[in-house]
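Residue numbers (the numbering used here): 37 to 708.
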């Protein structure tokens, strides 16, 4: 009713779960990443719980919308007090199998045959059971029996159980011990905090073209949180009524008084007894396998930072000593998963070379070989002339890419038998290498550890969390990350606040003239002596964006070019994406110079002389801040000033000194 009045394209606060409105709050982003991690594993059970209206169904539908339908056959059933026999028939129907009048044995055999056929077609099955708190023990046991189906070493069925907190009570009961041993990940959706509640409301409005009408006063957001407790469905219900009330009373502003008035009405209608509809907390009992020698509990933060939900990840606990002394005395494998990780490891390798006790180092570069070649001059300048192993992984879906990295890196580990694997940051390739290292009983060292809030997007944040849970030594770049690790119980002896390796790398680039660059049309680029220029370093937003979002982003860049001419060293993948979408013409402009991609040294020199920098990379933001350049941070199509805080140099020396001492001590302990 009110949509056209406020210029909206659709209802922003519909109660129907819609992946298009998925909002990545801290808890929801972590939960989605854990679901994706579970999909990567391809076996066992993943358990997702949350209060009524917490967004569980939207979360699941968002996951389903991102799956590769050519590789994963997903089926979903809603449990409404299903008995064991009814559950099996529901599973069959969900996968398109007509159960007819089959006996239980025939039904199980038919399901197994169907799942086996999928494997022969290079596919696998995923079953999602919604409202799983309604299952009885016998039905859960039937699901466990279905998880026994295998073809060789490959599991035929993976299952996600999604339900209210009562599900955890069921699964933590004593008869469910065998089931718990099959749970590979578990997460709980807590409520949003007040800041996330505001972000959630604005996100839904922006999805339908909100231009600021009606205006929500800042205190109004606080009162909405007060009345809803940060539960998404309750927020939708209240905000829908607020929008309708504003329309009926011809108001263009929603204030705290209006929220309290409508909130009180809604509370009376739904029968709530308290002003604040506060959610209950997740039960303390963990859903995980009980044998600590086989499984270690891993936790992630929900909206309440003091509340954690155990996640079972199959790996030996860090307290178990390495059994093979040769592994402890083996080489140090240093992994660079992208260009910036490469320059960070370069300054660390230079620092390590000055220590006599450092073990043999094996450098591994993962990704496009041409991209690493661009940084060869920087390595040469630092005197890094060691042989590197290159793992070139083609662009692919995240599932396939991680699988390929794990396969190739597994062969590296088998060949070199390292005592430790060092990864930088939280990329998917870094996570894959950490998983392999842990699986092969290597010590895992995480540089830039604890950087949950600073990671690039939800995927990066959960990757950092998972790597930290597998790591044995931690080198956070910033003090908040260091304090976060300490709060989580990491031993002081194994965590050092080292600082940022990127700071050392930027300081290592000497002053010099601008590099000679060639534009896309083959002509040399020269900055306008009178007007100067701004540097564009945008890749991620284009790689992840669709045609509409990228068009808006490029239009924004053209507007920015009115202030300063732009020079854009464009990566080959970015140019290919623009060409494929037919958008490359938008960057053919007299005020925008598209030039060949550059390495780190050239990027620093261009940043030094630029009036400002436009980027979607946190590393470029930090680089600009260190060079005292103004930075416009691109978040999708929106640009905003976002300066980063400069950090102290010397991180490489601090990490190298502590790392050599730590490796020596661990090797000595194993030898004893």
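Beta carbons: idealized from backbone N, C-alpha and C, even for Gly.
| Check | Outcome |
| --- | --- |
| Residue environment, residue 52, which counts as buried when at least 16 other CB atoms sit within 10 Å | exposed |
| Cβ-based neighbour list, residue 295, same chain, cut-off 6 Å, excluding 5 preceding and 5 following | 256, 259 and 260 |
| Those runs of the beta strand (DSSP E) which lie wholly inside the region 570-629 and span at least 3 residues | 601-605 |
| Those residues which DSSP pairs with residue 509 across a bridge | 481 |
| Sequence-distant residues of the same chain with beta carbon closer than 7 Å to residue 58, five excluded per side | 94 and 98 |
| Alpha-carbon to alpha-carbon, residue 145 and residue 121 | 14 Å |
| Three-state secondary structure (DSSP) of residue 378 | helix |
| Rounded C-alpha distance that separates residue 100 from residue 508 | 34 Å |
| Cβ neighbours of residue 251 in the same chain (closer than 6 Å, five flanking residues each side left out) | 289 |
| Chain E within 8 Å of residue 570, Cβ atoms only | Looking at the structure shown, chain E is missing, and only one protein chain is on hand. |
| Residues near residue 643 in its chain [Cβ-Cβ closer than 7 Å; skip 5 each side] | 571, 649, 659, 660, 663 and 665 |
| DSSP three-state assignment for residue 373, whether helix, strand or coil | coil |
| Own chain, CB closer than 6 Å to residue 394, minus 5 neighbours either side, in chain order | 388 and 696 |
| Cβ neighbours of residue 218 in the same chain (closer than 7 Å, five flanking residues each side left out) | 80, 81, 180 and 183 |
| Inter-stretch contact (C-beta, 8 Å, three-pair minimum) for the region 225-233 and the region 193-201 | no |
| Burial state of residue 410, where buried means 16 or more other Cβ atoms lie within 10 Å | buried |
| Outcome for residue 297 when other beta-carbon atoms lying within 10 angstroms are tallied against a minimum of 16 | exposed |
| Whether residue 589 touches residue 691 by CB criterion (8 Å) | no |
| Simplified DSSP assignment, three categories, for residue 689 | helix |
| Residue 456 versus 463, 471 and 443, residue with shortest Cα-Cα distance | 471 |
| The beta strand (DSSP E) enclosing residue 424, as first and last residue numbers | 424-427 |
| Reduced DSSP category for residue 387 - H, G, I as helix; E, B as strand; rest coil | helix |
| Euclidean distance between Cα positions of residue 443 and residue 214 | 30 Å |
| Local Cβ density within 10 Å of residue 554, reported as buried at 16 or more and exposed below that | exposed |
| Residues near residue 694 in its chain [Cβ-Cβ closer than 7 Å; skip 5 each side] | 532 |
| Spatially closest choice to residue 216 from 197, 234 and 233, by CA coordinates | 197 |
| Beta-carbon spacing of residue 151, residue 192 below 8 Å | yes |
| Option in 502, 512 and 629 with minimal Cα separation from residue 558 | 629 |
| Under the three-state DSSP convention, the category residue 654 falls into | helix |
| DSSP-derived helix/strand/coil call for residue 186 | strand |
| DSSP bridge partner residues for residue 224 (one or two, in chain order) | 85 |
| Test item: CB-CB of residue 460 and residue 404 under 8 Å | no |
| Residue 56 beta carbon less than 8 Å from that of residue 243 | yes |
| Counted within 10 angstroms of its Cβ, other Cβ atoms place residue 42 as buried (16 or more) or exposed | buried |
| Alpha-carbon to alpha-carbon, residue 176 and residue 119 | 10 Å |
| Delimiting residues of the alpha helix (DSSP H) encompassing residue 195 | From DSSP, residue 195 is part of no alpha helix (DSSP H) but of the beta strand (DSSP E) over 193-199. |
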